[in-house]
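Student:
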DNA sequence: AGCTTAATGAAAGCTACTTTCATAAAGAAT
DNA sequence: ATTCTTTATGAAAGTAGCTTTCATTAAGCT
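Chains as they are written, first to last, in my numbering: chain A, 6 to 149; chain V, 6 to 149.
1. Would you verify that the beta carbon of residue 32 of chain V is, or is not, closer than 7 Å to some beta carbon of chain A?
2. For the alpha helix (DSSP H) that contains residue 111 of chain V, what are its first and last residues?
3. To the nearest whole angstrom, what separates the beta carbons of residue 88 of chain A and residue 82 of chain A, a pair I think is in contact under 8 Å?
4. What residues from chain V crowd round residue 28 of chain A, counting only those whose CB sits closer than 8 Å?
5. Cutting at 7 Å between CB atoms, please list the residues of its own chain near residue 93 of chain A, excluding the five before and the five after it.
6. Can you name the residues of chain V whose CB is closer than 9 Å to the CB of residue 118 of chain A?
7. Going by beta-carbon coordinates alone, are residue 97 of chain A and residue 137 of chain A separated by less than 7 Å?
8. Tell me where the alpha helix (DSSP H) around residue 145 of chain V begins and ends.
9. Apart from the five residues on each side of it in sequence, which residues of its chain come closer than 8 Å, Cβ to Cβ, to residue 114 of chain A?
10. Please list, in chain order, the chain A residues whose beta carbon lies closer than 9 Å to that of residue 137 of chain V.
11. Can you name, in chain order, every residue of its own chain whose Cβ lies under 6 Å from the Cβ of residue 63 of chain V, other than the five neighbours on each side?
12. Grab the span of the alpha helix (DSSP H) containing residue 64 of chain A for me, first residue to last.
13. Using the C-alpha atoms, what's the distance from residue 20 of chain A back to residue 77 of chain V?
14. Would you mind telling me which residues of chain A sit closer than 7 Å to residue 124 of chain V, beta carbon to beta carbon, in chain order?
15. In whole angstroms, what separates the C-alpha of residue 24 of chain A from that of residue 79 of chain V?
16. How would you write the range of the alpha helix (DSSP H) that residue 100 of chain A sits in, first residue to last?
17. Going by DSSP, what residues sit across from residue 78 of chain V in a beta bridge?
18. Please state whether DSSP places residue 133 of chain V in a helix, a strand or coil.
19. State the start and end residues of the unbroken alpha helix (DSSP H) segment that holds residue 126 of chain A.
20. Here's the rule: buried if 16 or more other CB atoms are within 10 angstroms of the residue's CB, otherwise exposed. What is residue 106 of chain A?
21. With residue 43 of chain V and residue 109 of chain V assumed to form a contact (beta carbons below 8 Å), what rounded beta-carbon distance in angstroms separates them?
22. Among V:67, V:22, V:125, which one has its Cα closest to the Cα of residue 36 of chain V?
23. At what residues does the alpha helix (DSSP H) containing residue 40 of chain A begin and finish?
24. What is the rounded straight-line gap between the Cα of residue 71 of chain A and the Cα of residue 139 of chain V?
25. Quick one: what's got a C-beta closer than 7 Å to residue 111 of chain A's C-beta in the same chain, skipping five residues either side?
26. Against residue 112 of chain V, what residues of chain A qualify as contacts under a CB-to-CB distance less than 8 Å, listed in chain order?
27. For residue 70 of chain V, go through chain A and note every residue whose CB falls closer than 7 Å to its CB, in chain order.
28. Suppose contacts are defined by Cβ-Cβ distances below 7 Å. Is residue 145 of chain A in contact with residue 129 of chain V by that definition?
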């Protein structure tokens, strides 16, 4: 994992300054996210955190909470479902996603500024945008 | 509606040259799409085409078929669900979408070329991308 | 240790499709 | 026009991916 220690510290700071309780489940989910160090589905995260099947609801709630304080980013898949990624606060970016194995690569290219400007010209407020790139990674090309 | 006649002709050409049967349902759905002249949900399309509730499955199948021949583009919503838009063949573009009323505006700004290039550098093939901008349109700001 | 408020677990519910399979209707062949 | 083949449709059930409800538990402040 790349900068686990730094990230963790910054994330713990964010969590401490939020009106949040650090429960066992949340600790385990956070640890699993750090250990994985890549975007995962809710179910995969639950498995990595070694929680029982029934805890999927807690996983979703925790992801929602973490997204609320800005340390989780949701990555929509092409058809349905999402991946969730631990990010440093305010680290907006997009992804290349393999539609087979869900391997992701970071994409540092974004039209955010331009989009917001045009959106405001059209009278839109509270603007957000989605941008993800889907394809088949090398491994999955071979496999198929 | 903007160029209904021109669009319709080009679309009918595409349909004729595809191995497709022009059934009553498809005719009505196509007519509804032309009349609406904007992206709609599957349910809204069914209502506009004046089909019974049970025909939603036919709507989805027709949309899938039409998407296959390139005359329908799917616009994913921010959280879940999709809008479907009649387009001229090969008219790739993105949208501003009001997250309240689903009003959409066309967005002629796309990083497609650059994205594909980077994707191929990373070893990805069969690349596609999603980019939509969400916000509140003027009407919906007032309402809330 | 007690107290308040937030988090969890179990269960059911929900949205937006998708699949299955028997029936109907295009449209080509005769 | 009728038959035949193939595709489209309808009804019903199924599915994925969450979300809600509500009773119980446990943070963590006092």
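Yeah, the Cβ is synthetic: ideal placement off N, Cα and C, and Gly gets one too.
Tutor: In terms of the structure at hand:
1. On the second chain, residue 32 of chain V is found 27 positions in, with the first residue counted as 1. Chain A, which has no Cβ nearer than 7 Å to the Cβ of residue 32 of chain V, makes this no.
2. Working through the second chain from its first residue, we reach residue 111 of chain V at position 106. From DSSP, residue 111 of chain V is part of no alpha helix (DSSP H) but of the beta strand (DSSP E) over 109–112.
3. Position 83 of the first chain, counting from 1, holds the residue named residue 88 of chain A. Position 77 of the first chain, counting from 1, holds the residue named residue 82 of chain A. Sure, about 7 Å apart at Cβ, within 8 Å.
4. Reading the first chain from its first residue, position 23 is the one you call residue 28 of chain A. Per Cβ cutoff of 8 Å: no residues; residue 28 of chain A is ~26 Å from chain V at best.
5. What you label residue 93 of chain A is simply residue 88 of the first chain in a count that begins at 1. Here the set comprises 12, 15.
6. Position 113 of the first chain, counting from 1, holds the residue named residue 118 of chain A. Those within 9 Å of residue 118 of chain A in chain V number zero; the least Cβ separation is about 11 Å.
7. The count along the first chain starts at 1 and reaches residue 97 of chain A at position 92. The count along the first chain starts at 1 and reaches residue 137 of chain A at position 132. Contact: no.
8. Sequence index remark: in the second chain, residue 145 of chain V carries index 140 (1-based). Its alpha helix (DSSP H) spans residues 143–148.
9. Taking the first residue of the first chain as 1, we reach residue 114 of chain A at position 109. Counting only Cβ-Cβ distances below 8 Å, and skipping sequence neighbours, we find 99.
10. Sequence index remark: in the second chain, residue 137 of chain V carries index 132 (1-based). Under the 9 Å cutoff, chain A gives 134, 135, 136.
11. Your numbering for residue 63 of chain V matches position 58 in the second chain. Closer than 6 Å at the Cβ level, and outside the excluded window around residue 63 of chain V, lie 30.
12. Along the first chain, read from residue 1 onward, the residue named residue 64 of chain A stands at position 59. It spans 61–73 - the alpha helix (DSSP H) in which residue 64 of chain A sits, taken as one unbroken run.
13. One-based indexing of the second chain puts residue 77 of chain V at position 72. One-based indexing of the first chain puts residue 20 of chain A at position 15. So the two alpha carbons sit approximately 44 Å from each other.
14. Counting from one through the second chain, the residue named residue 124 of chain V turns up at place 119. Those are 101, 138, 140, listed as they occur along chain A.
15. For the purposes of this step, residue 24 of chain A is identified with residue 19 of the first chain, where counting begins at 1. For the purposes of this step, residue 79 of chain V is identified with residue 74 of the second chain, where counting begins at 1. Cα-Cα distance, rounded: 39 Å.
16. Numbered from its first residue, the first chain carries residue 100 of chain A at position 95. First-last for residue 100 of chain A: 99–103, but that is the beta strand (DSSP E), not the alpha helix (DSSP H).
17. Residue numbering aside, residue 78 of chain V sits at position 73 when the second chain is read from its first letter. Residue 78 of chain V is bridged to V:90.
18. Here residue 133 of chain V refers to the residue found at position 128 of the second chain. The answer is strand: DSSP assigns residue 133 of chain V an E or B state.
19. Position 121 of the first chain holds residue 126 of chain A. It spans 117–126 - the alpha helix (DSSP H) in which residue 126 of chain A sits, taken as one unbroken run.
20. Taking the first residue of the first chain as position 1, residue 106 of chain A is located at position 101. Flag for residue 106 of chain A reads exposed.
21. Here residue 43 of chain V corresponds to residue number 38 of the second chain, with the count starting at 1. Here residue 109 of chain V corresponds to residue number 104 of the second chain, with the count starting at 1. About 6 Å separates the two Cβ atoms, so the contact holds.
22. One-based indexing of the second chain puts residue 36 of chain V at position 31. Here the closest residue by C-alpha is V:67.
23. The count along the first chain starts at 1 and reaches residue 40 of chain A at position 35. Per DSSP, residue 40 of chain A belongs to the alpha helix (DSSP H) from 29–41.
24. Numbered from 1 along the first chain, position 66 holds the residue referred to as residue 71 of chain A. Numbered from 1 along the second chain, position 134 holds the residue referred to as residue 139 of chain V. Residue 71 of chain A and residue 139 of chain V: Cα-Cα distance of roughly 21 Å.
25. Taking the first chain and counting its residues from 1, the one referred to as residue 111 of chain A is at position 106. Counting only Cβ-Cβ distances below 7 Å, and skipping sequence neighbours, we find 98, 100.
26. As a working mapping, residue 112 of chain V is identified with position 107 in the second chain. Chain A residues near residue 112 of chain V: 120, 123.
27. Mapped onto the second chain, residue 70 of chain V falls at position 65. Simply none; closest approach about 17 Å.
28. Your numbering for residue 145 of chain A matches position 140 in the first chain. Your numbering for residue 129 of chain V matches position 124 in the second chain. No, Cβ-Cβ distance for residue 145 of chain A and residue 129 of chain V is not below 7 Å.
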